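Here's the structure we're looking at; comments come further down.
Protein chains in written order, with my numbering: chain D, 59 to 432; chain Z, 59 to 432; chain R, 59 to 432; chain G, 59 to 432.
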């Protein structure tokens, strides 16, 4: 049905002042697989219209509500094929529910919902309505993240023993101001988690994604550092993976000087891997015999599905938008009836929500601390 | 006329196996200012058609020749607004000439032509036909390159004394194979310059762009390192700028291990700047008092026209495609009647061609070497 | 008494195959303040003699036992001024006790003893015998570590909120072999702590040293990763500082690919600092307004006591041995009757021992973990 | 005769305010092979005496003149074994001549003399008097520089095609002040070369040392950038090696922000190497197949003579002083009758002087420049 024509995307959220909406648009369209044609960019009709103009879409398709978009698009011969949900967290669930029930596939921003129960309900709706559903854990779209996963799966570093995943940011080091900061610090819109929900889940997903291992136990220490803030803005978690591997997850939004410092280090019994989001085309591989190798695009030895994610030759940096575009490329493949086994989905969403809820609940009642009695 | 609708682009070249064609397409469309709608992707009708399918454009607009595209598009109500020339070098001139004569604006890949005389003829045609013309010196589209230029203009490093610009690559370290390598090593398609024409001109433009100074004299040492190659694959130039500043330009295609290592260091009497394409969001500023500062997107202090070139917050890497897209954003502004003073144009193209011809002619007859008599 | 002559050092331990003995010798002598003249390098008389030859000292002063050295040296007119204890951990206490009781000053390797009780007894002996005592927390001798401390004390980063200190190594990723590995993995010689005692205490001291804050509470997760090993080889600690600041301490000896990756990041409410031992002359300062500065030797703005620790101009790397030498320079100042307030002493030793014992005891009985119930 | 006792060193120059004298002292003594026992630290008797006190040597051996030191030491049973010449350049020749004629071995700072003729005379004196003579091209003492040379000799990068060696510094960006700057800018003390003689020769030696190839031809562009300065402070040289390889040598003292940025890149037909003095334990090896490896101390695969130059395990940085100490270790081996084939000697000194004289003479009369006629 979708043939080789461009798939049609309708955006929910992503209106004026949004950060992630325009990112979704660029990412979706980058490979010409997809085209933004409609949107319910804001609950304010005027703002939605303005956004539509900015995106240069047909004014008739800049809708004032999700319901309106879904209803009208369903009746068009050139209807959207899917919706992208790029709203604050609390709107993810109702939007996803409505879209799935209306028969549309969904690309949803993370965290998938604001509660694990909602996430499980989304899972049920996906099953019932049989539509593709993907979750934008962006960082899993970096070619070198996939290459790292591939190396792990090939046994290059042996059995995994230890994982350190970090996600320091500094942009919330001061009492928040600005739209992006405000909703992320507001439980009514963000859910029970602050830092853990906004970036902690990225780090968590990355750790599970690259290792191919599930985290089975956590020990969480969430804190609210900036006075007056309602949600956590600094997280320290200790981890145990299903195979017994040890781990730590450190995320923060109050780390002045840090921009978007997601990184992962994975130590096995035969080698190790290191990747850092701010220089995303570099993947370090440390071998058992002590050799340190820097892997980069253009090198030999990447499997086809990784190599095909690199659009430019080595030395021509691809970054965040291209990684995001790789998720949309996977998603388009799904929509066209193919498979995309590495594209994050609702099961990753549920895991993230359980992590958030467990960490928040657990940190409040945390035991295990002991005084240094000197 | 073009109003706020997306501008329509027709591509010349960029067919199957091309590197730079798809890059132009992504870059042009990234900000939704422009849309690829037509192309003469290959002189082979079948191949052009196949490319049109890959790009997902209307099959009727995948033309078998430049002439055909220009003639037919001129008669469409939704005609293309401009052409992008993404062919091997020797086709730049006839394509640009035809497009300009047919009344279309042109975005041309570098080097602008294969001779300085052709470049001057293009300049004449631009004047005669009054259409916008831009040249894709991609690296001038990096926000931090513009930021560097801004700092120089603001006097942050004082009077410029010394410039070192380098462009090492390693991909032609072996006898060439593959489409990309072959035409670049063939005088009939590349022109008189090899390395100097393919990447030397990028380095040259970058040096003049950031410093705001013209190179007035050169001393060139071009060499052909790989046996059997017809054109230069390694260039060493000494430079004098119009203000007397000293400089060196080193470019190579035989530097194994180097990917796309364009970099520039500019030393003034009050400070210095350093930028490197492979980590393009980092700009080092060295101050007179010894302070070393690392400037990155998200920092304060960038002028609006630089800050607006950054699509993502600090720490979310933007790279080569986004830099290229910034040139297209400038170009769209031109086409809509605005100004884009930093967008490279024909005068930059002429300078590049004179550089190539002078370096090649001069290197052949180079004097100045002396033996170390030990 | 010691006037301006070189101070005389007697070494305990540091015989054939030793790592840290030769390091102490080089560090002590680097500034010509101190001279190695005697040693009880091994409990094996032949081996001690061989070590004496290798160190090129007077053969008569290569003793077969600590007791012998202390007794004989006490009767020489050119007696040693102090002993350096460079043995495995379990010999620190008896050696320190004997030396102090014999009236000699002591430079002791870390950890100071194998139990906190012993460390407290050393403290008592120091008080009773009134001799200088120093502990070789080497990394506090790096000029940039002192510069970092100075910046913190000057308020450059405001009130400290978060500290991440890491010390990954990979050299014990396999079942141990070799003298250095063996004793460190043997409770009889190393004490109750493995990784925590060998490198964890360095990280702990560094965190307290640079911040000027004491850790008041910990939550420890120590593990033994390599099968068959008796002591911990991987440590993850969460920290609370006396002012409420949050922290994490990660140390490992099984992190393949890591060499000696001690690093610290300190985030305040007005700025942040970052230092990494493997490029020790670089200190990053992140300012409240977003400016990122790289501080290096040769820059202006270091206080005299920091600047005087740099022996070479900027760009001439000084490393581990020079940092160690800075501790000896401080120690020589103490011995000559001056003050060295930043030189680690017995109180730092006690803190380290309490950390080790608390972490080991606590980790065994750790609560606080929770399953991810998905 | 010298047996296993410490060798005795007498220093010429290196008095108050000196930079390189204390460096020679530390380097010489680092391995306890050598001991500073005497010196003619200054032509001013009081200053020489003061220096002797600072170095803590026997006051009777702090001489007021070179002649005095050589005469008196020759009559002592514990006479010095060699002299180190650490004066400004113009005193190298008379000091070396006097020492050799008095039968002492010599470690001389670079450049060896102020003219090539003097250097040749030193060569004659060495032959006549049969004493060891070494030249402190410090950077050849870095283990990774020796490792790089070893890899080249083993054929790891194939036939060398291209060399880029750079030595940017910024400390003379302003009109000079201070003792170190003054004599280096004074032709009467420095000789005909400024930058080329002070640091250019280091870069030149490094290039020849690592490649094992001699430079056969140069094309020099020396400039004096700071107004009023008498000697060159910026050098750009193009090189041809004896095997036809191409090269560039860039050195500068006016490059603000640069500290001591000596670096070398060597491209062969099978691989490449990269080393940078400011992180001297890192050696990059790029392989023909595209693999990028980072070699560091502690890795396997270094030949014994390289591995033995590393005093600490991987990750414990050794720097400039240790590299210098490696030259003295070689020198001690020579003095004890062994061999030290890689220790720089008079032939390296002569080459450096010919380079300086050729570059200065040639640059003045340089032809080969051509205008960019645009």
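By construction, the Cβ of each residue, glycine as well, lies at the ideal position given by its N, Cα and C atoms.
All of these numbers come straight from a predicted model, not from anything done at the bench.
Cβ shell of residue 176/Z (< 6 Å), same chain only, five flanking positions each side left out: Excluding five sequence positions before and after residue 176/Z, the CB atoms of its chain that fall closer than 6 Å to its own CB belong to 151, given in chain order.
Strictly below 8 Å CB to CB, what residues from chain G border residue 218/R? Here the premise fails: no neighbours, minimum Cβ distance about 27 Å.
Whole angstroms are fine: how far does the CA of residue 207/Z sit from the CA of residue 273/Z? Looking at the two C-alpha atoms, the distance is approximately 16 Å.
Does DSSP classify residue 342/G as helix, strand or coil? It is a strand residue.
Rounded to the nearest angstrom, what separates residue 356/D and residue 366/D at their Cα positions? Between residue 356/D and residue 366/D, the C-alpha separation is close to 11 Å.
Using only the alpha-carbon positions, how far apart do residue 250/D and residue 345/Z sit? Approximately 46 Å, taken between the alpha carbons.
What is the DSSP secondary structure of residue 333/G, reduced to helix, strand or coil? In this structure, DSSP gives residue 333/G an extended state, which the three-state scheme calls strand.
Please classify residue 279/R: does DSSP put it in a helix, a strand, or coil? Secondary structure at residue 279/R: strand, using DSSP grouped into helix, strand and coil.
List the endpoints of the continuous beta strand (DSSP E) containing residue 171/D. No beta strand (DSSP E) holds residue 171/D; DSSP gives it neither H nor E.
State yes or no: is the beta carbon of residue 424/D nearer than 8 Å to at least one beta carbon in chain R? So yes, residue 424/D belongs to the interface.
Sort 401/Z, 429/Z and 80/Z by Cα distance to residue 39/Z and report the nearest one. No information on residue 39/Z is available, as it lies outside the stretch 59 to 432 that chain Z covers here.
In DSSP terms, what residue 350/Z is bridged to: In the DSSP output, where bridge partners are listed per residue, residue 350/Z has 344/Z and 352/R.
Excluding the 5 residues preceding and the 5 following residue 59/G in the sequence, name in chain order all residues of the same chain whose CB lies nearer than 8 Å to its CB. Only weak support is given to the placement of residue 59/G: the predicted model assigns it a pLDDT of 44, under 50, and the value that follows is read from those uncertain coordinates. Around residue 59/G: no qualifying Cβ.
Return the CA-CA distance between residue 248/R and residue 196/R, expressed in angstroms with no decimal places. Taking the straight line joining both Cα atoms gives about 19 Å.
Assuming residue 203/Z is part of the alpha helix (DSSP H), what are its boundary residues? That run of the alpha helix (DSSP H) goes 201-211.
When you check each C-beta in the segment 346-369 of chain R against every C-beta of chain Z, which residues fall closer than 9 Å? Flagged, chain order: 347, 348, 349, 350, 351, 352, 353, 354, 356, 357, 358 and 359.
Against chain D, does residue 420/Z count as a neighbour if the rule is that its beta carbon must be under 8 Å from one of theirs? Judged by the 8 Å Cβ criterion, residue 420/Z is not in contact with chain D.
Over what stretch of residues does the beta strand (DSSP E) that includes residue 294/D continue unbroken? Per DSSP, residue 294/D is one residue of the beta strand (DSSP E) stretching across 292-299.
In chain order, which continuous runs of the alpha helix (DSSP H) of length 4 or greater are located wholly inside the segment 240-281 of chain R? 245-248 and 259-269, all fully within the segment 240-281 of chain R.
Would you please verify whether the beta carbon of residue 311/D is less than 8 Å from any beta carbon of chain Z? No, residue 311/D does not count as interfacial toward chain Z.
Taking residue 105/Z and residue 114/D to be in contact with their CB atoms under 8 Å, please state how far apart those CB atoms are, rounded to whole angstroms. Taking a contact as a CB-CB distance under 8 Å, the pair residue 105/Z and residue 114/D does not count as one, their CB atoms being some 31 Å apart.
Considering only their Cβ atoms, is the gap separating residue 321/G from residue 333/G smaller than 8 Å? Yes, Cβ-Cβ distance for residue 333/G and residue 321/G is below 8 Å.
Helix, strand or coil for residue 370/G per DSSP? DSSP places residue 370/G in coil when its eight states are reduced to three.
Using the C-alpha atoms, what's the distance from residue 255/G back to residue 410/G? The alpha-carbon separation between residue 410/G and residue 255/G amounts to approximately 8 Å.
Proximal residues to residue 174/R (C-beta, below 7 Å), its chain only, five neighbours per side dropped: Same-chain partners within the cutoff: 408, 411, 412 and 415.
Secondary structure of residue 316/R, DSSP reduced to three states: Here residue 316/R sits in coil by DSSP.
Using a Cβ-Cβ cut-off of less than 8 Å, give me the residues of the segment 231-246 of chain D that come near chain R, in sequence order. Those would be 231, in chain order.
Might you give, ordered along the chain, the residues of its own chain that have their beta carbon closer than 6 Å to the beta carbon of residue 122/G, omitting 5 neighbours on each side? Closer than 6 Å at Cβ, skipping near neighbours: 103 and 106.
I need the DSSP call for residue 93/R, collapsed to helix, strand or coil. Strand, per DSSP.
Verify the CB distance criterion: does residue 294/R have a CB-CB separation below 8 Å to chain D? Judged by the 8 Å Cβ criterion, residue 294/R is in contact with chain D.
Please confirm whether residue 429/D has its beta-carbon closer than 8 Å to some beta-carbon of chain R. Chain R, which has a Cβ nearer than 8 Å to the Cβ of residue 429/D, makes this yes.
Using the beta-carbon of each residue, which ones in chain C are nearer than 9 Å to residue 113/R? As a matter of chain content, chain C is missing from the structure shown, whose protein chains are D, Z, R and G.
Could you round the C-beta distance between residue 95/Z and residue 67/Z to whole angstroms and report it? I think they count as a contact, below 8 Å. So it is a contact: roughly 7 Å between Cβ atoms.
Using the three-state DSSP reduction, which class does residue 378/Z fall into: helix, strand or coil? Look at residue 378/Z here: in three-state DSSP terms it is helix.
Name the residue from 403/R, 389/R, 368/R and 192/R whose alpha carbon lies nearest to the alpha carbon of residue 81/G. Of the candidates 403/R, 389/R, 368/R and 192/R, 368/R places its Cα closest to the Cα of residue 81/G.
Using a Cβ-Cβ distance under 8 Å, would residue 416/G count as near chain Z? Closer than 8 Å to some Cβ of chain Z, the Cβ of residue 416/G qualifies, so yes.
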